[in-house]
Amino acid sequence: MHRIGLGHDTHRLGPGDGLVLGGITIPHDRQALGHSDADVLLHAITDAVLGAAALGDIGEMFPDTDPANKGRDSAGMLAAAADRLAAAGWRIVNLDCVIFAQRPKILPHRERMRERIAAILDLGIEAVWLKAKTGEGVGPIGSEQAIAAECVVLIERN
Ligand code: CDP
Ligand code: ZN
132 MHRIGLGHDT
142 HRLGPGDGLV
152 LGGITIPHDR
162 QALGHSDADV
172 LLHAITDAVL
182 GAAALGDIGE
192 MFPDTDPANK
202 GRDSAGMLAA
212 AADRLAAAGW
222 RIVNLDCVIF
232 AQRPKILPHR
242 ERMRERIAAI
252 LDLGIEAVWL
262 KAKTGEGVGP
272 IGSEQAIAAE
282 CVVLIERN
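With positions in the sequence shown counted from 1, the corresponding number in the working numbering is that position plus 131.
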């Protein structure tokens with residue numbers, strides 16, 4: 132038996148020194164702002180994983196009202212979601228993601244991100260794909276006020 136999950140996330144961007152994305156830090160002159168490390172891609176993946184098995188969402192699991200979640204490592208949150216998935220008898224088949232960012236260029240960092248995400252989820256790298264799109268210079272993405280990400284995941288019964 133198979134099921135699919137969908138995740139989406141957006142974060143505000145501000146002046147900064149390095150963008151945390153897909154579990155790695157990319158050199159950039161802006162950073163994502165948020166309660167945790169603001170890794171928009173790992174947050175979208177976490178919601179896709181939880182949603183596929185109807186196990187809740189990232190905000191439910193890690194409320195931003197809880198001081199323990201301030202500055203929390205998103206890789207740890209994703210790993211916890213994956214543990215919950217496994218405990219419910221499911222495993223991930225593959226995931227596919229889109230990053231919406233005017234800058235920086237994501238393509239040069241894609242393989243490192245895929246490796247990192249696969250390692251967090253204990254998957255082969257071929258099970259993880261991602262790509263990026265600009266905002267074509269318009270709207271909050273295009274004007275670099277925001278960064279967003281989406282993810283779909285397929286799971287199957289263990
Ligand atoms: O050409 P099109 O309008 O379809 O897409 P785009 O948003 O202009 O992006 C063109 C290509 O640049 C994408 O297919 C990605 O390979 C790459 N890209 C990237 O590496 N990093 C981004 N932040 C945005 C796009
Ligand atoms: Zn987020």
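Yeah, the Cβ is synthetic: ideal placement off N, Cα and C, and Gly gets one too.
Nothing here was measured: the structure is a model prediction, and the numbers come from that model.
Quiz item: Would you say Arg234 touches the ligand CDP, meaning its beta carbon is less than 7 Å from a heavy atom?
Solution: Numbered from its first residue, the sequence shown carries residue 234 at position 103. Yes, Cβ of Arg234 sits closer than 7 Å to a heavy atom of the ligand CDP.
Exercise. State the Cα-Cα distance for the pair Leu137 and Val284, rounded to the nearest angstrom.
Key: The sequence position of residue 137 within the sequence shown is 6, counting from 1. The sequence position of residue 284 within the sequence shown is 153, counting from 1. Their backbone Cα atoms lie some 7 Å apart in a straight line.
Practice problem: Report the rounded CA-to-CA distance for Gly148 versus Met132, giving the unit in angstroms. | Solution: If you number the sequence shown from 1, residue 148 lands on position 17. If you number the sequence shown from 1, residue 132 lands on position 1. Looking at the sequence provided, one finds Asp at residue 148 rather than Gly. Roughly 44 Å separates the two Cα atoms.
Exercise. Could you tell me which residues DSSP pairs with Ala263 in its beta bridges?
Key: Here the question's residue 263 lines up with position 132 in the sequence shown. Answer is Ile230, bridged to Ala263.
Exercise. Thinking Asp168 and Arg203 are a contact (beta carbons under 8 Å), I'd like their distance in whole angstroms, please.
Key: Counting from 1 along the sequence shown, the entry for residue 168 is found at position 37. Counting from 1 along the sequence shown, the entry for residue 203 is found at position 72. At roughly 7 Å, the Cβ-Cβ gap stays under 8 Å, so Asp168 and Arg203 are in contact.
Quiz item: What is the DSSP secondary structure of Ile155, counted as helix, strand or coil?
Solution: Locating residue 155 in the sequence shown gives position 24, counting from the first residue. Three-state DSSP puts Ile155 in a strand.
Quiz item: Thinking C-alpha only, which one of Thr141, Phe231 and Asp214 is nearest Lys262?
Solution: Position 131 of the sequence shown, counted from the first residue, corresponds to residue 262. When each option's Cα is compared against that of Lys262, the closest is Phe231.
Quiz item: From the DSSP output, which residues share a beta bridge with Arg203?
Solution: Looking up residue 203 in the sequence shown gives position 72. DSSP lists no partner for Arg203.
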